[in-house]
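Peer 1: Questions regarding the structure given below will be posed in turn.
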Amino acid sequence: MPVVTLNKASVVTQDTSISQANPTSAYPTGIATRIGVENGIGSAWRSLIKFDLGVIPNDAIINSATLNVVQISAPVGTRTINVHKTTSVWDNTTTWNTQPNFDASVSASITLDNGLVSKAINVKSIVQDWVSGALVNNGFLLKEADEATLSTFRDIGSFDHTTVASQPTLTIDYTIPSSGKKQVEYVGSNTPASGDASTHTPILPSYQSGDLLVVMLGINSSTATITIPSGWTALLNDANNGRKFLIAYRFATNGMANPTFTFSQSLTHGSIVHNFRNVKSIPKNVFSVVSDNTSFNGGGILSDVTSANHLAVVLNVAIRASGSFTPPLSFNEPSDVSVAGNYGFQVAYRYLHEKRGLAPAEKTSTTILPSYGFSGAIILEPLTNNTPTLSLTNPTNNQTLAEGSTFPIAGEASDADNGNVVTVKYKINNGTARAIASGVSDGSSPLSFAKTLTYSNKRL
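Everything in the sequence shown is counted per numbering that gives the first Met the number 0, starting at 0 for the first residue and increasing by one.
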């Protein structure tokens with residue numbers, strides 16, 4: 000049961016205040032956001048808070064989720080603050096007049112008095128809805144329970160508070176489902192390898208049949224060729240500043256041999272191989288060259304992802320003098336290694352949930368010193384396999400058949416997974432399974448099937 004605390008340093012965050020007294024003004028900066036009603040004015044303040052969930056797996060089981068806020072100033076008296084699900088988009092330019100829609104029902108509540116205190120709010124149900132896809136993550140709205148009473152305003156620390164301990168955090172304890180998974184998993188990598196020869200055979204990491212293996216390889220020549228072994232497909236095979244880099248993949252099969260990459264001459268080289276599980280396809284990839292720069296933007300614009308729950312993976316290869324990559328916010332970084340001296344290989348990934356793409360700024364890694372190489376990102380579509388359902392209209396139970404009687408089998412089969420092949424079969428007395436019908440599911444339309452058997456000579 001991993002426990003992750005999301006904060007301004009680890010994920011993309013956003014907060015703001017909105018004021019009824021100043022309905023066209025935005026309040027994007029400052030050390031606090033405000034909640035409650037001002038003295039004598041009778042106008043309310045509300046706070047909006049959002050955490051990106053890129054480090055939390057799609058469709059995870061949320062065991063607990065706690066929003067932590069710190070009250071940094073308050074009037075005398077005890078007040079109830081309610082938390083609501085925000086149901087439309089907002090940003091730091093949002094005003095009272097342009098505030099997002101929110102669910103009027105109260106999802107959670109806390110009591111605040113006049114103490115400068117930290118409060119933990121149970122927001123498990125909201126976070127579960129976000130990661131399961133039932134609700135788009137537009138963050139939380141915090142408001143005074145009674146906005147008719149004057150002099151109830153109070154301030155909570157914002158993401159810009161100068162004291163880190165006063166900034167909001169979101170702590171999530173989650174479990175990945177053991178079956179019916181809807182997320183790609185990063186399994187691990189092999190030990191980085193290097194050499195000086197005309198061939199290179201990395202030892203593959205532990206894998207299962209169907210796993211996606213991704214090799215990252217660098218050689219110290221811009222003109223030499225790299226011959227890719229059968230079964231592997233190149234995503235990148237290009238040169239920059241006297242080096243050539245290869246990123247290639249294949250889906251594993253049982254008993255496959257370690258791959259041998261061949262160079263047109265003997266060269267110093269280095270590599271690492273990564274393993275991803277539960278991958279159906281790579282529907283998107285982008286790569287771009289990086290020349291004498293500290294910014295690796297993940298290949299540029301990555302858009303038009305067709306459905307939810309995909310995984311975005313940043314793949315950066317570089318010639319770097321020292322140091323490592325700083326990963327993008329909201330990304331997990333399982334690997335950032337230097338191989339054969341100064342080949343730098345970085346893998347970082349994030350779950351997209353409902354997102355359909357990433358802007359360059361959302362997936363930019365940085366190096367300490369200007370470097371040369373390539374920056375890219377791929378989208379991994381998860382392999383989901385929901386259990387198909389079957390509705391049987393015929394036969395009825397407990398029939399008695401006479402010689403020549405017919406025995407119809409009919410009904411419908413449905414599979415929620417678009418593109419899956421659905422085959423309906425029947426067996427008699429645990430005999431051979433025989434197909435009645437087969438088709439490709441579109442995710443919604445049922446497959447009809449029908450077959451009539453005849454009882455003859457004491458058998459069907």
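Note that beta-carbon positions come from the ideal geometry of N, C-alpha and C, so glycine has one too.
In this text the structure is predicted, and so the values were computed from the model without any measurement.
For residue 317, count neighbouring C-beta atoms within 10 Å of its own C-beta (all shown protein chains included) and say buried if the count is 16 or more, exposed if not.
Peer 2: Looking up residue 317 in the sequence shown gives position 318. Classification of residue 317: buried, given that the 10 Å Cβ count is 16 or more.
Peer 1: Whose C-beta lies closer than 7 Å to the C-beta of residue 60 among residues of the same chain, with five residues either side of it excluded?
Peer 2: Along the sequence shown, read from residue 1 onward, the residue named residue 60 stands at position 61. 173, 174 and 176.
Peer 1: The beta strand (DSSP E) spanning residue 72 covers which residue range?
Peer 2: Translated into positions along the sequence shown, residue 72 becomes position 73. From DSSP, the beta strand (DSSP E) with residue 72 extends over 60-72.
Peer 1: Touch check for the segment 177-195 and the segment 109-121: three-plus C-beta pairs under 8 Å?
Peer 2: Verdict: no, contact absent.
Peer 1: By alpha-carbon positions, which one of 422, 380, 3 and 428 ends up nearest to residue 439?
Peer 2: To locate residue 439, count along the sequence shown from 1; it is residue 440. Comparing Cα-Cα distances from residue 439 to each of 422, 380, 3 and 428, the minimum goes to 422.
Peer 1: Quick check: the segment 381-401 against the segment 324-344, are there 3 or more CB pairs under 8 Å?
Peer 2: Counting Cβ pairs under 8 Å, fewer than three are found: no touch.
Peer 1: Got a sec? Which residues, its chain only, sit under 7 Å from residue 442 by beta carbon, not counting five neighbours each side?
Peer 2: If you number the sequence shown from 1, residue 442 lands on position 443. Counting only Cβ-Cβ distances below 7 Å, and skipping sequence neighbours, we find 415, 416 and 417.
Peer 1: Starting from residue 125, trace the beta strand (DSSP E) both ways and give me its first and last residue.
Peer 2: The residue you call residue 125 lines up with position 126 of the sequence shown. It is not in any beta strand (DSSP E) - residue 125 instead sits in the alpha helix (DSSP H) that spans 123-131.
Peer 1: Which class does residue 353 belong to by DSSP, given the choice of helix, strand or coil?
Peer 2: Position 354 of the sequence shown holds residue 353. Three-state result, residue 353: coil.
Peer 1: Which same chain residues, not among the five before or five after residue 94, have their C-beta less than 7 Å away from its C-beta?
Peer 2: For this step, residue 94 is matched to residue 95 along the sequence shown. Once the five neighbours on either side are set aside, the close Cβ partners of residue 94 are 17, 22, 23, 24 and 25.
Peer 1: Determine, using beta carbons only, whether residue 272 and residue 188 come nearer to each other than 8 Å.
Peer 2: Residue 272 sits at position 273 when you count from the first residue of the sequence shown. Residue 188 sits at position 189 when you count from the first residue of the sequence shown. Yes, Cβ-Cβ distance for residue 272 and residue 188 is below 8 Å.
Peer 1: Quick one: which unbroken beta strand (DSSP E) runs of 3-plus residues sit fully inside the segment 159-233? Chain order, please.
Peer 2: Segments of the beta strand (DSSP E) lying fully in the segment 159-233: 168-174, 184-188, 192-199 and 211-218.
Peer 1: If residue 275 sits next to residue 211, beta carbons under 8 Å apart, how far is it from one beta carbon to the other, in whole angstroms?
Peer 2: Within the sequence shown, the letter at position 276 stands for residue 275. Within the sequence shown, the letter at position 212 stands for residue 211. Right, the Cβ-Cβ distance comes to about 4 Å (below 8 Å), so this counts as a contact.
Peer 1: Work out the CA separation of residue 250 and residue 301 for me, nearest whole Å.
Peer 2: By 1-based counting over the sequence shown, the position of residue 301 is 302. By 1-based counting over the sequence shown, the position of residue 250 is 251. If I take the Cα positions, the gap works out to 23 Å.
Peer 1: Looking at the unbroken beta strand (DSSP E) that takes in residue 409, where does it start and where does it end?
Peer 2: Walking along the sequence shown from the start, residue 409 turns up at place 410. Its beta strand (DSSP E) spans residues 405-413.
Peer 1: Determine the closest residue to residue 150 out of 169, 386 and 37, with distance taken between C-alpha atoms.
Peer 2: Here the question's residue 150 lines up with position 151 in the sequence shown. When each option's Cα is compared against that of residue 150, the closest is 37.
Peer 1: If we count the other Cβ atoms within 10 Å of its Cβ and call it buried at 16 or more, is residue 127 buried or exposed?
Peer 2: Within the sequence shown, the letter at position 128 stands for residue 127. Residue 127 is buried by the Cβ-count criterion.
Peer 1: Reducing DSSP to helix, strand and coil, say where residue 426 ends up.
Peer 2: Locating residue 426 in the sequence shown gives position 427, where the first residue counts as 1. Three-state result, residue 426: coil.
Peer 1: Excluding the 5 residues preceding and the 5 following residue 107 in the sequence, name in chain order all residues of the same chain whose CB lies nearer than 6 Å to its CB.
Peer 2: As a working note, residue 107 is residue 108 in the sequence shown. Excluding positions up to five away in sequence, the list reads 82, 120, 121 and 122.
Peer 1: DSSP has residue 143 in a bridge; who is on the other side?
Peer 2: By 1-based counting over the sequence shown, the position of residue 143 is 144. Paired residues: 80.
Peer 1: Please report how far the alpha carbon of residue 65 lies from the alpha carbon of residue 167, in whole angstroms.
Peer 2: In the sequence shown, the residue the question calls residue 65 occupies position 66. In the sequence shown, the residue the question calls residue 167 occupies position 168. Approximately 10 Å, taken between the alpha carbons.
Peer 1: Which of helix, strand or coil does DSSP assign to residue 362?
Peer 2: Locating residue 362 in the sequence shown gives position 363, where the first residue counts as 1. If DSSP states are grouped into helix, strand and coil, residue 362 belongs with the helices.
Peer 1: Where do the ends of the beta strand (DSSP E) carrying residue 44 lie?
Peer 2: If you number the sequence shown from 1, residue 44 lands on position 45. Where residue 44 is concerned, the enclosing beta strand (DSSP E) stretches over 43-50.
Peer 1: Here's the rule: buried if 16 or more other CB atoms are within 10 angstroms of the residue's CB, otherwise exposed. What is residue 0?
Peer 2: Here the question's residue 0 lines up with position 1 in the sequence shown. Exposed, since its Cβ has fewer than 16 Cβ neighbours within 10 Å.
Peer 1: Taking the beta carbon of residue 145 as the centre, do at least 16 other beta carbons fall within 10 Å, making it buried, or is it exposed?
Peer 2: Along the sequence shown, one-based indexing puts residue 145 at 146. Counting Cβ neighbours within 10 Å, residue 145 comes out exposed, since fewer than 16 surround it.
Peer 1: Find the nearest neighbour of residue 265 within the set 224, 304 and 291, judged by alpha-carbon distance.
Peer 2: As a first step, residue 265 is located in the sequence shown; it is residue number 266 there, counting from the start. Taking only the C-alpha atoms, the option nearest residue 265 is 224.
Peer 1: Quick one: grab the DSSP three-state call for residue 300.
Peer 2: For the purposes of this step, residue 300 is taken as residue 301 along the sequence shown, with counting starting at 1. DSSP places residue 300 in coil when its eight states are reduced to three.
Peer 1: Could you tell me which of 170, 54, 5 and 49 sits nearest to residue 351, measuring between CA atoms?
Peer 2: Residue numbering aside, residue 351 sits at position 352 when the sequence shown is read from its first letter. Comparing Cα positions, the closest option is 54.
Peer 1: Measuring straight from C-alpha to C-alpha, what distance separates residue 155 and residue 311?
Peer 2: Numbered from its first residue, the sequence shown carries residue 155 at position 156. Numbered from its first residue, the sequence shown carries residue 311 at position 312. In a straight line, the C-alpha of residue 155 is about 34 Å away from that of residue 311.
Peer 1: For residue 254, name the three-state secondary structure that DSSP assigns.
Peer 2: As a first step, residue 254 must be located in the sequence shown, where it is residue number 255. Of the three classes helix, strand and coil, the one that applies to residue 254 here is coil, per DSSP.
Peer 1: Among the residues of its own chain, which have a CB less than 6 Å from the CB of residue 27, if the five just before and after it don't count?
Peer 2: Counting from one through the sequence shown, the residue named residue 27 turns up at place 28. Excluding sequence neighbours, residue 27 sits near 15 and 91.
Peer 1: Just checking: is the beta-carbon of residue 146 within a distance shorter than 8 Å of some beta-carbon in chain D?
Peer 2: Considering every chain present, this structure includes no chain D. It has just one protein chain.
Peer 1: Who are residue 14's beta bridge partners in DSSP?
Peer 2: One-based indexing of the sequence shown puts residue 14 at position 15. 48.
Peer 1: For residue 213, tell me which candidate among 226, 203, 253 and 381 has the shortest Cα-Cα distance.
Peer 2: Translated into the one-based positions of the sequence shown, residue 213 becomes position 214. Here the closest residue by C-alpha is 203.
Peer 1: I want to know whether the segment 128-145 touches the segment 74-81 - three or more CB-CB distances under 8 Å.
Peer 2: The segment 128-145, when compared against the segment 74-81, does touch it at the 8 Å Cβ threshold.
Peer 1: So, is residue 398 buried or exposed, given that buried needs 16 or more other C-beta atoms within 10 angstroms?
Peer 2: Counted from its first residue, the sequence shown places residue 398 at position 399. Residue 398 should be labelled exposed.
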